[in-house]
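A.B. asks: Just add 292 to wherever you are in the sequence shown, counting from 1, and you've got my numbering. Cβ coordinates follow ideal geometry from the N, Cα and C atoms, glycine included.
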Amino acid sequence: MTIFSTIREDIRTVFDKDPAARSTLEVITCYPGLHAVWMHRLANALWKKRFFFIARLISHISRFFTGIEIHPGAGIGRRFFIDHGAGVVIGETSEIGDDVNIYQGVVLGGVSLKKEKRHPTIGNRVMVGAGAIVLGPITIGDEARIGAASLVLSDVPPRAIAVGVPARLGLGFSYKDLKNLTDNKLPDPIAEAFRLMTNRMEALEEKIAELEKHLSPGASHTGLPISAP
């Protein structure tokens with residue numbers, strides 16, 4: 293893609309993902325998340341050409357004006373959208389796929405001091421909720437959802453939901469199920485497990501009650517005669 297087609301696509305992405313966007317002029321001038329992405333694309337291009345100091349300087353200037361810190365070494369895909377954006381931190385070896393949406397306060401951080409892959413890899417069409425922290429060289433699968441204020445320390449499979457501190461996984465969702473899920477609609481996997489367990493216990497109690505109806509009046513639950521007092 294040419295630089296102009298990339299710019300147009302980034303602007304269109306804002307309209308697609310933020311219903312508050314009203315005009316192209318507003319998007320170009322008033323969206324720090326978009327500014328941070330554009331500054332990063334420039335910094336990343338310079339980083340790849342080994343102009344490390346200039347790349348870091350551009351990244352630092354971007355952080356000053358937008359409140360968003362993206363290391364120039366991070367890899368970011370197409371149609372990446374940072375909503376609001378204040379306090380977002382994306383580390384050097386982070387890799388982000390296409391159509392990813394993250395909110396304010398998200399941290400893609402590292403847990404190692406070694407010069408190696410130490411930041412997360414985010415798949416395509418992933419949503420990371422406000423204040424979520426994703427640490428280490430873990431992988432967040434395609435179309436996964438990370439709940440707000442969650443702490444993710446291990447891999448999240450594709451089309452899964454991670455919620456809580458530390459994050460608990462909810463599995464078995466279709467893309468259709470996940471597409472319309474927002475932070476306030478993400479299920480709690482632990483609560484869901486208790487609900488399923490409760491339903492199972494209720495079903496077992498109903499079966500026991502049904503069996504009791506078929507027992508003769510003079511027999512116990514074990515089928516043995518009940519002796520008179």
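Check whether the Cβ atoms of Val457 and Leu443 lie closer than 8 Å to each other.
C.D. replies: yes
A.B. asks: Along the chain, where does the alpha helix (DSSP H) containing Val306 start, and where does it finish?
C.D. replies: Ile295 to Lys309
A.B. asks: Looking only at C-alpha atoms, which of Val329, Gly462, Lys407 and Ser354 sits nearest to Asp375?
C.D. replies: Val329
A.B. asks: Which residue wins for smallest C-alpha separation from Pro450, given the options Asp434, Ala441, Leu461 and Ile438?
C.D. replies: Asp434
A.B. asks: Is Phe372 helix, strand or coil by DSSP?
C.D. replies: coil
A.B. asks: If you follow the alpha helix (DSSP H) that Gly325 is part of, which residue opens it and which one closes it?
C.D. replies: Pro324 to Lys340
A.B. asks: Can you tell me whether Thr385 is helix, strand or coil according to DSSP?
C.D. replies: coil
A.B. asks: Excluding five sequence neighbours on each side, which residues of the same chain lie with their C-beta closer than 7 Å to the C-beta of Asp391?
C.D. replies: These residues qualify, in order along the chain: Arg371, Asn416 and Arg417.
A.B. asks: Report, in whole angstroms, the separation of the C-beta atoms of Gly379 and Gly359, which I expect to be a contact under 8 Å.
C.D. replies: 6 Å
A.B. asks: Could you spell out where the beta strand (DSSP E) holding Ile544 opens and where it closes?
C.D. replies: Any question about residue 544 goes unanswered here, given that the chain covers just 293 to 521.
A.B. asks: Pull up the CB-CB distance for Thr569 and Phe373, whole angstroms please, since I reckon it's below 8 Å.
C.D. replies: Lying before the first or after the last residue shown, residue 569 is absent from the chain, which here runs from 293 to 521.
A.B. asks: Taking just the CA atoms, how far does Met493 sit from His352?
C.D. replies: 57 Å
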